[in-house]
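Since the structure comes first, as structure tokens, the remarks are kept for the end.
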Ligand SMILES: [Cu+2]
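Numbering (the numbering used here), first residue to last: 181 to 677.
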């Protein structure tokens, strides 16, 4: 999306849609839904074709009222959405980062609602949580086939900031059927690197790594380090990595003002890929994590696990072209977009970097400080959860239990809940809690006043403690945001007593 025009287009299209609803014309042959509010907009889950490095690919899409991916809400605007399932198969879409009641969370696994059948619509209405969020299928492996899009809820402060908004959704892409990718993983062939299977121990320098001992001034992990050999990265052999559906062979070029200010809204919507964001010569200021404000933090390289979002402010120099790149961890492959001032010459950027990137870690997490932390009080209940599983057989779990046999973490309304996540496996796991945002309160046992967010990485041999207030009664999913880990069992529930 061209951010210069996005707001104007959004306003124009909502006006048109309002007229359409009044005239009683439903979306393409679908049964009319009862509009919950006059502001209800139609979001279409569709099949579409995109071009990936010169080859046509059939993928899913989530198309907003302006015909472009996703939804962009203005300050104070209600989340009033009719989701029209035009995919030809059943689906359900999770509003990742939003915290409505459990029946509007967009998941079927908790038993409140069924998936939306092909050709049907479902309405949603709630006051949205502000910030950079996203939406994605929570049904089978549809997320891998690009059923994912931005869900941006702007604030008045965003407007006052007078920055050009640039939203980037990252994804990993294969021309193959996602079911085939999963089948290869669970068969123990293809896709994954068997040389790591059964690797018994981490190198000494990574064991019991204390995040507080790290050099916080240096976020540049450009060189691949030997310590990566002790963990498993990148299970799936992808064909491409996408930024707003495009690769670096034909990247999105976004026109920006000379000496202008840009508000990057980065979303790692990839199913099984963590990235290092690389701003090149620019220094950025992180202002939010998973849509929640953090104390401003400067840097030019930032790790992002699957499901996570970062808001970064950039003050551009007088003129030129400025790539915003995302490099896959443990690999040279990268994707990105290019910010360019009018008339700037835009050079082609190779889709492979010179050096492989290090494993994504919690070096950024260790530095983030919540701007709006939880109130200080001790936890009423602490759950301890081991992250378990292996590459061979390819199955992931919590304390050895898959979703089929999961034991819910029980909480009571009003409690301050702490969960200590201990990684006992050879892969890192980005853990996502539905229905709540939590604060990261310890990394590897070291307390910190960390970011408030909804997805946190638990690195190999690492532990993370998170805390949240039990203020949204229901049954909620709590799972790894690596789609293949979730699909093979790495999902449990938080359930209110
Ligand atoms: Cu995982």
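Don't be surprised by glycine CBs; every beta carbon is placed ideally from N, CA and C. The structure displayed is predicted, hence computed values, not measured ones.
| Asked | Found |
| --- | --- |
| Can you round the beta-carbon distance between residue 313 and residue 276 to whole angstroms, since I take them to be within the 8 angstroms contact cut? | 6 angstroms |
| Just to confirm my understanding: we take residue 676, look at its own chain, exclude 5 residues before and 5 after, and list those with CB closer than 8 angstroms. What are they? | 590, 591, 592, 593, 650, 653, 654, 655 |
| Look at residue 439 and residue 462 and say whether their C-beta atoms are less than 8 angstroms apart. | no |
| I want to check one thing, is the minimum distance from the CB of residue 275 to the heavy atoms of ligand 1 below 7 angstroms? | no |
| Does the contact criterion of 3 or more C-beta pairs under 8 angstroms hold for the stretch 292 to 309 versus the stretch 414 to 432? | no |
| Just to confirm the assignment, what range does the alpha helix (DSSP H) spanning residue 336 have? | 336 to 340 |
| For residue 545, count the other beta carbons within 10 Å of its own beta carbon; 16 or more makes it buried, fewer makes it exposed. Which is it? | buried |
| Please classify residue 603: is it buried, with 16 or more other beta-carbons within 10 angstroms of its beta-carbon, or exposed? | buried |
| Between residue 329 and residue 449, what straight-line distance do the alpha-carbon atoms span, to the nearest angstrom? | 8 angstroms |
| Note the first and the last residue of the continuous alpha helix (DSSP H) segment covering residue 358. | 358 to 367 |
| Can you tell me which residues form a DSSP beta bridge with residue 276? | 314 |
| Distance check for residue 238 and residue 472, CA to CA, integer angstroms please. | 34 angstroms |
| Mapping DSSP to helix, strand and coil, what is residue 671? | strand |
| So does the stretch 345 to 365 actually touch the stretch 253 to 264, counting three or more Cβ pairs closer than 8 angstroms? | no |
| Are the beta-carbon atoms of residue 232 and residue 419 separated by less than 8 angstroms? | yes |
| What's the gap between the Cα of residue 249 and the Cα of residue 286? | 18 angstroms |
| Do three or more CB pairs link the stretch 658 to 667 to the stretch 475 to 489 at distances below 8 angstroms? | yes |
| Where does residue 325 sit, in a helix, a strand or coil, going by DSSP? | helix |
| Between the stretch 531 to 538 and the stretch 561 to 569, do three or more beta carbon pairs fall short of 8 angstroms? | no |
| DSSP state of residue 592, grouped into three classes? | coil |
| Taking residue 348 as part of the beta strand (DSSP E), name the residues at either end of that continuous run. | 344 to 353 |
| With the cut-off set at 8 angstroms, would you say residue 605 and residue 625 are in Cβ contact? | no |
| Which of helix, strand or coil does DSSP assign to residue 658? | strand |
| Work out the CA separation of residue 646 and residue 630 for me, nearest whole Å. | 9 angstroms |
| Report yes if the C-beta of residue 641 is less than 7 angstroms from at least one heavy atom of ligand 1; otherwise report no. | no |
| Pull up the distance between the alpha-carbon of residue 273 and that of residue 318, whole angstroms please. | 6 angstroms |
| Put residue 528 into one of helix, strand or coil per three-state DSSP. | coil |
| Which value, in whole angstroms, describes the spacing of the CA atoms of residue 228 and residue 597? | 42 angstroms |
| Could you name the residues of the same chain whose beta carbon sits closer than 8 angstroms to that of residue 534, not counting the 5 residues immediately before and after it, in chain order? | 512 |
| Report buried or exposed for residue 475, applying the criterion of at least 16 other Cβ atoms within 10 angstroms of its Cβ. | exposed |
| Output the distance between the C-alpha atoms of residue 412 and residue 342, rounded to the nearest integer angstrom. | 43 angstroms |
| Under DSSP, the beta strand (DSSP E) around residue 458 begins and ends at which residues? | 455 to 458 |
| For residue 576 and residue 422, I'd like the C-alpha separation in whole angstroms. | 26 angstroms |
| Would you say the beta carbon of residue 670 is closer than 7 angstroms to some non-hydrogen atom of ligand 1? | yes |
| In angstroms, rounded to a whole number, what distance separates the CA positions of residue 310 and residue 470? | 10 angstroms |
| Anyone know if the C-beta pair for residue 601 and residue 548 falls short of 8 angstroms? | no |
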